[in-house]
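Asker: Let me give you the structure first, and then I'll get to my questions.
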Amino acid sequence: MIHIFHPSDTDFTSNGERPIALLKALEKKDKDTWEVDVSASLDYFEVFKQDYILQLPTKYGYQPFRIDNPETLGNSIYSIAKHIAYDLKNHVVTLATPIEMNCSEAMGEVLSHSYPLCSFNVYSDITTEKTFSIINMSLWDAMIQLSKEYNGHLDFDGFQIRITAEQGADRGVNIEYGSTLQGAKVKENWDLVVTELYPVTTSGITIGWLYSDVVYDRPYARRVEFDVETEEQLTFQANLYLSRYKVPRINYEVSSSLIQNVFLGDTIQVVARQFSIFTEVISYEFNVLTQKIIKLEFGNFRNTLRTFFGGLRGDIEEATLKKAQVKVDEVKGQILLKADQEDLNVVDNKVTNLSGTFDVTAQQIRSEVAETYSTKS
């Protein structure tokens with residue numbers, strides 16, 4: 279049963295304003311979006327209004343969605359209803375400074391410094407402690423930054439904000455070409471495939487040729503230079519590189535999917551003629567009224583998002599495999615930075631000295647990192 283609630287309601291255990299019979303309810307979810315395309319008869323005109331809340335049985339159980347910019351056409355009313363989490367965009371954090379806090383504590387600290395205060399609560403299973411600042415951003419953007427700080431996955435469950443170490447599971451779904459994938463839209467990118475790798479360091483150290491366990495109709499041999507200093511580091515990163523790029527980057531979009539028991543981030547193994555790859559569920563469309571997935575997207579990359587595969591984070595590109603992290607040690611503290619191979623764009627961070635804490639601008643940090651690089655090179 280679907281019910282509609284008043285905009286200020288936070289408890290959805292009652293019948294709300296009234297039950298509602300929707301004509302259409304298509305849930306769409308990916309890492310950046312959670313919305314439902316809904317329509318109803320004009321009979322519900324008095325309650326199908328801006329900011330009213332629909333309690334819907336989604337792929338993740340019952341979830342609240344706000345009606346947004348409703349439109350009337352003929353005898354029907356339409357809206358793209360947004361998950362209640364989008365309320366966070368209307369709350370502002372001017373300054374919050376979690377100091378040596380785990381992820382859950384930091385989320386609570388940021389939430390307590392939002393204006394106006396809101397009804398959300400937080401959850402995280404990440405125990406790593408960090409110190410940093412959140413300055414002048416929406417609560418939505420603050421939670422996104424928090425998820426990056428702790429290398430977690432941001433998601434929501436009703437009024438609960440969740441940042442977890444892992445997303446999805448392996449439910450044993452295996453697909454072969456010619457069966458379930460018949461009629462699927464498939465995008466393949468072979469530009470970076472390598473099966474025979476000759477890795478070298480910038481100083482000329484090499485470990486000879488490495489070979490993948492995948493063989494194609496023709497070889498894909500590459501010489502790749504890695505910005506590391508020792509043979510051990512070269513071996514580690516070269517093997518990581520070969521494991522990542524021994525298979526092409528492939529994206530699948532399946533309509534009228536026979537695959538139903540999957541959620542965002544779940545693993546799907548795809549078996550092709552020459553290789554087998556593990557993909558992740560990237561997005562889905564779910565018919566709330568029939569409780570069926572009608573469209574599914576999965577792959578080891580997505581054109582509209584940054585490249586990702588397996589345990590590599592979505593914001594790590596090929597170049598970052600060569601230079602993943604830079605540490606700048608201060609006299610009484612430490613700044614942990616993620617540096618890109620191409621430039622040194624960083625955000626404001628926090629360092630500690632004897633008298634307490636003080637803010638360091640991105641430009642100051644950028645200078646420190648550049649100086650460190652010039653010293654090492």
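Residue numbers (the working numbering): 279 to 655. By construction, the Cβ of each residue, glycine as well, lies at the ideal position given by its N, Cα and C atoms. Because the structure is a prediction, the values reported are computed rather than measured.
Tell me where the beta strand (DSSP E) around Lys-573 begins and ends.
Answerer: Numbered from 1 along the sequence shown, position 295 holds the residue referred to as residue 573. Unbroken beta strand (DSSP E) run through Lys-573: 570-577.
Asker: With DSSP as the reference, please indicate the residues paired to Arg-501 in a beta bridge.
Answerer: For the purposes of this step, residue 501 is taken as residue 223 along the sequence shown, with counting starting at 1. Paired residues: Tyr-476.
Asker: I'd like to check one pair, Val-471 with Pro-394: are the Cβ atoms closer than 7 Å?
Answerer: Counted from its first residue, the sequence shown places residue 394 at position 116. Counted from its first residue, the sequence shown places residue 471 at position 193. Taking 7 Å as the Cβ cut-off, Pro-394 and Val-471 do not qualify as a contacting pair.
Asker: Is the beta carbon of Phe-343 closer than 7 Å to that of Leu-332?
Answerer: Numbered from 1 along the sequence shown, position 54 holds the residue referred to as residue 332. Numbered from 1 along the sequence shown, position 65 holds the residue referred to as residue 343. Yes, these two residues count as a Cβ contact at 7 Å.
Asker: So the candidates are Val-400, Glu-313, Ile-439 and Phe-398; which of them puts its Cα closest to the Cα of Glu-563?
Answerer: Position 285 of the sequence shown, counting from 1, holds the residue named residue 563. Cα-wise, what sits closest to Glu-563 is Glu-313.
Asker: What is the DSSP secondary structure of Gly-386, reduced to helix, strand or coil?
Answerer: One-based indexing of the sequence shown puts residue 386 at position 108. Looking at Gly-386 - three-state DSSP - the assignment turns out to be helix.
Asker: Which residue comes first and which comes last in the alpha helix (DSSP H) that contains Ile-422?
Answerer: For the purposes of this step, residue 422 is taken as residue 144 along the sequence shown, with counting starting at 1. First-last of the alpha helix (DSSP H) with Ile-422: 417-427.
Asker: Please report the distance separating the alpha-carbon of Lys-673 from that of Asn-452.
Answerer: Residue 673 is absent from the model: the chain starts at 279 and stops at 655.
Asker: Take Lys-360 as the anchor and find which of Asp-346, His-369 and Gly-386 has the nearest alpha-carbon.
Answerer: Residue 360 sits at position 82 when you count from the first residue of the sequence shown. Minimum Cα distance to Lys-360 is reached at Asp-346.
Asker: Give me the DSSP bridge partner(s) of Ile-355.
Answerer: As a position in the sequence shown, residue 355 is number 77, starting the count at 1. The partner list for Ile-355 (beta bridge, DSSP) reads Ala-318 and Thr-350.
Asker: If you pair each beta-carbon of the segment 408-424 with each one of the segment 359-374, do three or more pairs fall below 8 Å?
Answerer: Enough Cβ pairs lie closer than 8 Å, so yes.
Asker: What does DSSP give as the partner residues of Lys-408 in its beta bridges?
Answerer: Along the sequence shown, read from residue 1 onward, the residue named residue 408 stands at position 130. The partner list for Lys-408 (beta bridge, DSSP) reads Met-379.
Asker: Could you give the first and the last residue of the continuous alpha helix (DSSP H) run that contains Gln-515?
Answerer: Taking the sequence shown and counting its residues from 1, the one referred to as residue 515 is at position 237. Start and end: 509-523.
Asker: Rounded to whole angstroms, what's the CA-CA distance from Phe-434 to Lys-309? Just pull it up for me.
Answerer: Working through the sequence shown from its first residue, we reach residue 434 at position 156. Working through the sequence shown from its first residue, we reach residue 309 at position 31. Going by the C-alpha atoms only, they are around 11 Å apart.
Asker: Going by the CB atoms, is the gap between Arg-440 and Asp-544 shorter than 7 Å?
Answerer: Counting from one through the sequence shown, the residue named residue 544 turns up at place 266. Counting from one through the sequence shown, the residue named residue 440 turns up at place 162. No, Cβ-Cβ distance for Asp-544 and Arg-440 is not below 7 Å.
Asker: When you compare only the Cα positions, how much space is there between Gln-547 and Gln-511?
Answerer: Within the sequence shown, the letter at position 269 stands for residue 547. Within the sequence shown, the letter at position 233 stands for residue 511. About 30 Å.
Asker: To which residues of the same chain is Trp-487 closer than 8 Å at the C-beta, ignoring the five residues directly before and after it?
Answerer: Counted from its first residue, the sequence shown places residue 487 at position 209. Result list for Trp-487: Glu-474, Leu-475 and Tyr-476, in chain order.
Asker: Looking at C-alpha atoms only, which residue of Glu-305, Gln-341 and Val-549 is the closest neighbour of Ile-282?
Answerer: As a working note, residue 282 is residue 4 in the sequence shown. Closest by alpha carbon: Gln-341.
Asker: When burial is assigned at 16 or more other CB atoms within 10 Å of the CB, is Gly-294 buried or exposed?
Answerer: As a working mapping, residue 294 is identified with position 16 in the sequence shown. By the neighbour-count rule (16 or more Cβ atoms within 10 Å), Gly-294 is buried.
Asker: Between the Cα of Phe-398 and the Cα atoms of Ser-554, Asp-289, Phe-553 and Gln-569, which residue gives the shortest distance?
Answerer: For this step, residue 398 is matched to residue 120 along the sequence shown. Residue Asp-289 is the option with its Cα nearest to Phe-398.
Asker: Could you give the DSSP three-state label for Asp-433: helix, strand or coil?
Answerer: For the purposes of this step, residue 433 is identified with residue 155 of the sequence shown, where counting begins at 1. In this structure, Asp-433 counts as strand in the three-state DSSP scheme.
Asker: Can you check DSSP and say which residues form a bridge with Ser-533?
Answerer: On the sequence shown, residue 533 is found 255 positions in, with the first residue counted as 1. Its beta-bridge partners are Lys-573.
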